[in-house]
Each structure stands twice: as structure tokens, then as C-alpha cells.
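Undergrad: Before anything else, here's the structure in question.
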Amino acid sequence: MSKYCLKENHVTDEKLFNQRRAIIKSSLAFSLLTFSNILFSNDKKLIFSKDMKYSTNEETNTFKQITSYNNFYELGSGKRDPMMNAEKLNTDDWTVSIGGEVKNKVTLNKDDFINKFPLEERIYRLRCVEAWSMVVPWIGFELNHIIKLAEPTYKAKFIAFESVYDPENLPGQKRNILAWPYREGLRLDEARNPLTILSVGLYGRMLPNQNGSPIRLIVPWKYGFKSIKSITKINFVEKMPDTSWNLEAPNEYGFYSNVNPYVSHPRWSQKRERRIGEFRKRDTLMHNGYAEHVAHLYEGMDLTKNF
Amino acid sequence: MLNIFLLPLAILTSYIFLDDEIINKTSYVITSTGYIALVYLVITLSLPLLKNNSLKVKTRLFGISAFYFSMIHFILYVIDNSYDLTLIVEDALFRNYIIVGYLALLLLIPMYLTSFKYFKDKIKEWKKLHKIIYIVYFFILAHIYFIIKADYYYLILFSSIFLVIIILKKYNFYKLNE
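In order, the protein sequence lines correspond to chains A and B. Going by the numbering used here, the first sequence opens with residue 2, and the numbers climb by one from there. Going by the numbering used here, the second sequence opens with residue 105, and the numbers climb by one from there.
Now the structure itself:
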């Protein structure tokens, strides 16, 4: 007998052989799945359409740039801190309560924001008050959808937003760097502008924690700090609400905080900005280049006073 | 000089080229060189407090390195804005953090020059002159104060260090031990 011959009883039954394969495959798949879940807990892919009307065709900043250079003081005041401390923001069981001067008071959870509203990709410029900027492919929906859902009464003139408050876990909230919880606001007509969106993702995926997971505001014609992250409360109010940066330094950060190269920050110029990744600074545009969509909102207002 | 000035400079340069997690590189080098200069100033002020006087030579080297790092800090700022001179002029006239920065830098120059023998021989009172280091330190604290948005952590840290150094010098602790 040659050495290549096998006895019948040494051969694995084909059925068994296939079963073994299946077990190996499924266990491999299972371990890969759990592994990837650990690695990319926020990695759920989103279904969205691409907006052409408001999106810029400028080159977008990389995912790495957008997710490792952030101002999110709740997670630390250094630019890298939010990325390093990202896991300290717990977004499980997240709810956002919508109330105030509205007909329908509602509370929405994380999944509602992904499932209930038509998501679209909006590629916007983001201009930080610190004179740097990025181009970000946000995934989100117009704030208008929330306004329609809540049905504000005639009394509602402004929307007040409030961010997460968790001093036990958020390192930045252990000290009084800012008036916690972080607060922001918009005039109702600003909120209704189609440029104003609530974002749940970027680059087609759910927002990483450092970018304001699970839901944040994006107001592209205003300085970045107006685009409040990790929202927990949306209140429709009659009077102009307090905002955290305005409480910190009222002469430096006004309620409107529209991007405006002609009104400098009291301590530095706003004429130019560094687009992250570029060496030469570029000119800052009025309303961050969105004047055609928003300039009418401020007609007749003295923008040097209403900064 | 090699260890004190060139080594941190080399490390910083390698960071900029090798660490791709530094997103805003220009801002990173400008800030780092500023803080290195300040830390060196702290060392320059603290070394004479030590009992062991054999470190005297090194004190001078730290002082000189602090000057070099402030110069790099300043030159990088100029390069960063060089294509718009109006911006530099506007900064120098209207921006407080820039004005006190210039003041600190200007006051460092006479101290730098009189750390060389040629000028030491010419200006016999050079030791008295070097007391302006306290004014320089104060201007640097103001420089930081005027640029902070909300988090005063580092300002408080370096102000406290300054206060401790002044108190220790005032009570001449080190001289009693000599």
C-alpha cells in the first residue's frame, strides 16, 4: 500500500467535516464581531442622502484632523484632551428633552435621532473663534424638523440648548472652567434657517464622543462654540437665554457670535484663519461664506454692537 | 549648551515631523517654544537657591537657552504672519498679549548680552541689571493671561512658582545655608 492511501475509518465523514468548518467560521466571525464592537463602538454606519444645495465642494479635512483637534472643555481644555478622554463621556441611555413654550413636549432618545429624521450629509466650513478652521462632512438633519415636531407657541422667540452635566466622570467639569452645564442659544429665525442642523455623525458614521456624540448643533455661519455638543435639553423660550461663553466674558463673546472679519475679538484679529492642514493663513469670509443664506437675518442690526 | 538647548530643540523638531497626531503644527511649535522658554526661566531663577554652588555655570546656560527659545518663539510668530505685515503692526499696536510679549523679549536682550565676558567687563553692575528677570517673568505671566480664553490652570501654576521663588529669595534661605 502506498503511503498516500487512507483507510476508510481514518477519513472524516463529509457531513462532520462541513460542520467543523461551520463552527470555526461562526466562532471566528463572532470573535471578529465582538472585537470590532470594542474597537468601533460608535462605528455604526448611517444611511443618508447627499446634500448639494448647501454643501461646499472644498476639500474636507481628514477624519483624524476632525477627531483629534477639538475644543470640548468638558473633556479637558487641551486640543488633544477630548480625544484622549473620549470614553469618559457616557452616552448610553441618552435622552434629549424638548420643552418650554411648545405645544408638544417630547423626549427623544439616541435612536430616535437616527431613525425619525431624514439624514443628509452637509459639508460645511467650521470657523473657530480661535482663528482656525476645518471643512467637515457632517451627517444630520435640519433643526426645522424638531421645531415642527415641538410646535412652538407664539411666545417662543429663542431656543436654549443645554449640554451634558456629569462632573463625576467628565474631567473638565471637576473645575469651574466655564459655567456648567454648557449653554447655548439661537434666535428662532436663526434656528429655522435651513443651514442650521443637528448632527449625529461625520464621514458617514456616528459621531465620535469628542465631536459631541450623540447629538450636537451645527450653525456654520457662527463661531464654533455656538455649535453646542452632546445636547441634553432643547427649550423654546421667550427671552434671550444665557450662554456659557457670554457668562465667562460678556465683552468678548456676544449672543450672536457670527463669523465676522470686520469685528475683531478684543484680544486678537478675526481677519484671517488657518485652515487646518494649510500653512498660509487665508482670509476669513463674512458669515463664514454663508452670507447669501443668512445676511438677511441681521438686516438693520449694528453688528459691531450685536457681535 | 548641547544638552540644554540643542537636545530639546531636536526633540521638538522630531515631534513635528514624526508625530502625525499634532494637527495644528504651527500653533504647536509656537506654544511649545514659549513654554520651554518659561520653564528655563524658572530653572534660571531657582538654581541659585540650591545650596550647591557648583551649578553656577549651568544657571547661565539655562538663561541663555531661555533667550534662544523666546527668540525662536518670536521668529515663528513673525514667519506665521510674514505675508501680512499690516497684521504684525496691528498686533504690536493693539493686542495686549503681543505688546507684553515684545516687552519681555526686549528686556531679555540686555541680560543676554551681559552674560558674555565682553559686556560683563564693560558693565560692572551687570548683576544688578539681571534683576530685570523678575519684570520679564511678570510680563510673561501677563502674556499668558491675555491669551487665555477660560482655563487659567497654567497661569496659576506659573504664578505660584513665581511667588514661591520670590519668597524664598526674600528670606535668603540659600544664603543662610552657605
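Glycine included, each C-beta is placed from N, C-alpha and C at the ideal position. Just so you know, these numbers come straight off a predicted model, no measurement behind them.
From the DSSP output, in three-state form, read off Ser118(B) for me.
TA: Locating residue 118(B) in the second sequence gives position 14, where the first residue counts as 1. Residue state, collapsed to three classes: helix.
Undergrad: Considering only DSSP beta bridges, list what Asn62(A) is partnered with.
TA: Against the first sequence, residue 62(A) aligns to sequence position 61. Asn62(A) is not bridged to any residue.
Undergrad: Tell me which same chain residues have a C-beta within less than 6 Å of the C-beta of Leu40(A), skipping the five on either side of it?
TA: Position 39 of the first sequence, counted from the start, is the residue given in the question as residue 40(A). Interpretation of Leu40(A) is limited by its pLDDT of 46, a score under 50 that renders its predicted location unreliable; the figure taken from the coordinates is listed afterwards. Taken in chain order, the list of residues that qualify is empty.
Undergrad: For chain B, find out if any of its Cβ atoms is closer than 8 Å to the Cβ of Trp181(A); answer yes or no.
TA: Sequence index remark: in the first sequence, residue 181(A) carries index 180 (1-based). Not an interface residue.
Undergrad: Within the 8 Å Cβ cut-off, does Leu191(B) reach chain A?
TA: Your numbering for residue 191(B) matches position 87 in the second sequence. Output row for Leu191(B): interface = yes.
Undergrad: Indicate the three-state DSSP secondary structure (helix, strand or coil) for Phe36(A) in the structure shown.
TA: As a first step, residue 36(A) is located in the first sequence; it is residue number 35 there, counting from the start. Below a pLDDT of 50, predicted positions are generally treated as unreliable, and Phe36(A), at 47, falls in that range; the measurement from the model is reported next regardless. Helix.
Undergrad: Would Glu274(A) count as contacting chain B if we go by Cβ distances under 8 Å?
TA: By one-based count along the first sequence, residue 274(A) stands at place 273. Output row for Glu274(A): interface = no.
Undergrad: With distances taken between CB atoms, is the gap from Lys51(A) to Glu152(A) smaller than 8 Å?
TA: Numbered from 1 along the first sequence, position 50 holds the residue referred to as residue 51(A). Numbered from 1 along the first sequence, position 151 holds the residue referred to as residue 152(A). Not in contact: Lys51(A) and Glu152(A) (Cβ atoms no closer than 8 Å).
Undergrad: Is it true that the CB of Val97(A) sits closer than 8 Å to the CB of Ile235(A)?
TA: Numbered from 1 along the first sequence, position 234 holds the residue referred to as residue 235(A). Numbered from 1 along the first sequence, position 96 holds the residue referred to as residue 97(A). Contact: yes.
Undergrad: Measure the C-alpha to C-alpha separation of Glu249(A) and Asn259(A) and round it to an integer number of angstroms.
TA: Residue 249(A) sits at position 248 when you count from the first residue of the first sequence. Residue 259(A) sits at position 258 when you count from the first residue of the first sequence. Their Cα atoms are separated by approximately 18 Å.
Undergrad: Hey, would you say Leu233(B) sits closer than 8 Å to Ile248(B), going by beta carbons?
TA: Taking the first residue of the second sequence as position 1, residue 233(B) is located at position 129. Taking the first residue of the second sequence as position 1, residue 248(B) is located at position 144. Contact: no.
Undergrad: Flag Ile260(B) as yes if its beta-carbon sits less than 8 Å from any beta-carbon of chain A, otherwise no.
TA: Translated into the one-based positions of the second sequence, residue 260(B) becomes position 156. No, its Cβ sits nowhere closer than 8 Å to a Cβ of chain A.
Undergrad: When burial is assigned at 16 or more other CB atoms within 10 Å of the CB, is Glu293(A) buried or exposed?
TA: On the first sequence, residue 293(A) is found 292 positions in, with the first residue counted as 1. Classification for Glu293(A): exposed.
Undergrad: Comparing the C-beta of Thr130(B) with each C-beta of chain A, is any distance below 8 Å?
TA: Within the second sequence, numbered from 1, the residue matching residue 130(B) stands at position 26. Yes, Thr130(B) lies at the interface with chain A (some Cβ there is under 8 Å from its Cβ).
Undergrad: Quick check on the burial criterion: 16 or more other C-beta atoms within 10 angstroms. Buried or exposed for Ala196(B)?
TA: In the second sequence, residue 196(B) corresponds to position 92, counting from 1. Answer is exposed; the Cβ neighbour count stays below 16.
Undergrad: Using a C-beta to C-beta distance shorter than 7 Å, which residues of chain B count as neighbours of Trp133(A)?
TA: The count along the first sequence starts at 1 and reaches residue 133(A) at position 132. The contacting residues are Asn128.
Undergrad: Considering only the alpha carbon of each residue, which of Pro182(A), His288(A), Asn145(A) and Leu47(A) lies closest to Lys223(A)?
TA: Looking up residue 223(A) in the first sequence gives position 222. Of the listed residues, the one whose Cα sits closest to Lys223(A) is His288(A).
Undergrad: Using only alpha-carbon positions, find the residue among Phe262(B), Ile271(B), Ala254(B) and Ile239(B) that is nearest to Ile131(A).
TA: As a first step, residue 131(A) is located in the first sequence; it is residue number 130 there, counting from the start. A quick correction: the sequence has Glu, not Ile, at residue 131(A). The shortest C-alpha separation from Glu131(A) is found at Ala254(B).
Undergrad: Under 8 Å, with one C-beta from each stretch per pair, do the segment 239 to 257 of chain A and the segment 103 to 118 of chain A reach the 3-pair mark?
TA: Segments in contact, no.
Undergrad: Which residues, in order along the segment 227 to 253 of chain A, keep a beta-carbon less than 7 Å from a beta-carbon of chain B?
TA: The residues in question are Glu249.
Undergrad: Across which residues does DSSP place Leu145(B) in a beta bridge pair?
TA: Position 41 of the second sequence, counting from 1, holds the residue named residue 145(B). Note: Leu145(B) sits in no beta bridge, so no partner.
Undergrad: How would you list, in chain order, the residues of chain B whose beta-carbon sits under 9 Å from the beta-carbon of Gln174(A)?
TA: The residue given as residue 174(A) occupies position 173 in the first sequence. Going along chain B, no residue has its Cβ under 9 Å from Gln174(A), so there is no contact; the nearest lies around 12 Å.
Undergrad: Using C-beta distances below 8 Å, list every residue in its chain close to His177(B), excluding the 5 sequence neighbours before and after it, in chain order.
TA: The residue given as residue 177(B) occupies position 73 in the second sequence. Result list for His177(B): Ile134, Thr137, Gly138 and Ala141, in chain order.
Undergrad: List the residues that DSSP assigns as beta-bridge partners of Lys51(A).
TA: Stepping through the first sequence from its first residue, residue 51(A) is reached at position 50. Paired residue(s): Glu122(A).
Undergrad: Buried or exposed, going by whether 16 or more other CB atoms sit within 10 Å of the CB of Ile270(B)?
TA: Within the second sequence, numbered from 1, the residue matching residue 270(B) stands at position 166. With fewer than 16 other Cβ atoms within 10 Å, it is exposed.
Undergrad: Taking the C-alpha atoms as reference points, what is the distance between Tyr257(B) and Gly79(A)?
TA: Here residue 257(B) corresponds to residue number 153 of the second sequence, with the count starting at 1. Here residue 79(A) corresponds to residue number 78 of the first sequence, with the count starting at 1. Taking the straight line from one Cα to the other gives about 11 Å.
Undergrad: Under a three-way DSSP split, which group does Trp246(A) fall into?
TA: Within the first sequence, numbered from 1, the residue matching residue 246(A) stands at position 245. DSSP places Trp246(A) in helix when its eight states are reduced to three.
Undergrad: So, Tyr125(A) versus Pro267(A), is the Cβ gap smaller than 8 Å?
TA: Taking the first sequence and counting its residues from 1, one reaches residue 125(A) at position 124. Taking the first sequence and counting its residues from 1, one reaches residue 267(A) at position 266. No, Cβ-Cβ distance for Tyr125(A) and Pro267(A) is not below 8 Å.
Undergrad: Chain A beta carbons: is any one of them nearer than 8 Å to that of Ala208(B)?
TA: Counting from 1 along the second sequence, the entry for residue 208(B) is found at position 104. It does not; no Cβ of chain A falls within 8 Å.
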